[in-house]
Amino acid sequence: MCLVFNDIIKSNNGCLDGRFCENNWSCSIFEVELWGILEGLKLVCDLGFRKIIVESDSLSVVMVINGAKDGGNNMKNIIQIILRWISKDWHASVCHVHPEGN
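For the sequence shown, our numbering gives the first residue as 4, with consecutive numbering after it.
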C-alpha cells in the first residue's frame with residue numbers, strides 16, 4: 004500500500020508559493036501527517052521563509068508537537084526531528100485548524 008500526502012505552501016498574502024507531493028510507505032495517517040509537516044518545514048526553509056505557521060487538521064499531531072500529548076515510542080525520532088526544525092533561527096508555530104479551514 005502506498006500513501007500520498009499533499010501540502011500547499013502559501014505566503015502571507017495567500018499566494019501559492021509551492022506544492023509538494025510525497026509517496027510514502029504503508030503507515031498510519033498520524034505518521035503521514037508528521038512526515039508532511041517535516042517535509043513542509045524543510046521546503047519552507049529552502050524557500051527562505053522566516054515566519055512559519057504550520058496548520059494541521061490533526062489535533063493529535065498538533066498536541067504531540069506542542070508537547071501536550073505523548074506520541075509514543077515509535078514516533079519519537081520524527082517528532083524530535085520536527086522539534087529541531089521548529090527551533091531553528093526563525094519563528095515557527097504549529098496550530099490546529101478544522102478540516103474546512105485548511
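Where is the CB? At the ideal position from N, CA and C, for every residue including glycine.
Please read these numbers as outputs of a predicted model, since none were measured by experiment.
Which ranges does the alpha helix (DSSP H) cover as unbroken runs of at least 4 residues, wholly within the stretch 30-62, from first to last along the chain? Taking only runs of at least 4 residues, the alpha helix (DSSP H) segments lying wholly in the stretch 30-62 are 32-49.
Could you say which of Asp-60, Ile-40, Gly-51 and Leu-37 lies nearest to His-101 if we only look at CA atoms? Along the sequence shown, one-based indexing puts residue 101 at 98. Comparing Cα positions, the closest option is Asp-60.
Go ahead and pull the three-state DSSP assignment for Val-100. The residue given as residue 100 occupies position 97 in the sequence shown. In this structure, Val-100 counts as coil in the three-state DSSP scheme.
Looking at the secondary structure, which residues open and close the alpha helix (DSSP H) in which Asn-80 lies? On the sequence shown, position 77 is the one that residue 80 refers to. Note, Asn-80: alpha helix (DSSP H), 79-89.
Within 8 Å, do at least three Cβ pairs link the stretch 46-53 to the stretch 73-84? Touching, no, given that fewer than three Cβ pairs across the two stretches are closer than 8 Å.
Does the distance from the C-beta atom of Leu-44 to that of His-99 stay below 8 Å? The count along the sequence shown starts at 1 and reaches residue 44 at position 41. The count along the sequence shown starts at 1 and reaches residue 99 at position 96. No, Cβ-Cβ distance for Leu-44 and His-99 is not below 8 Å.
Identity of the residue in Ile-56, Phe-52, Lys-54 and Ile-68 nearest Glu-34 by Cα: For this step, residue 34 is matched to residue 31 along the sequence shown. Out of Ile-56, Phe-52, Lys-54 and Ile-68, Ile-68 has the C-alpha closest to the C-alpha of Glu-34.
Is Gly-95 near Val-64, with beta carbons less than 8 Å apart? The residue given as residue 95 occupies position 92 in the sequence shown. The residue given as residue 64 occupies position 61 in the sequence shown. What sits at residue 95 in the sequence shown is Ala, not Gly. Taking the C-beta atoms as reference points, Val-64 is found no nearer than 8 Å to Ala-95.
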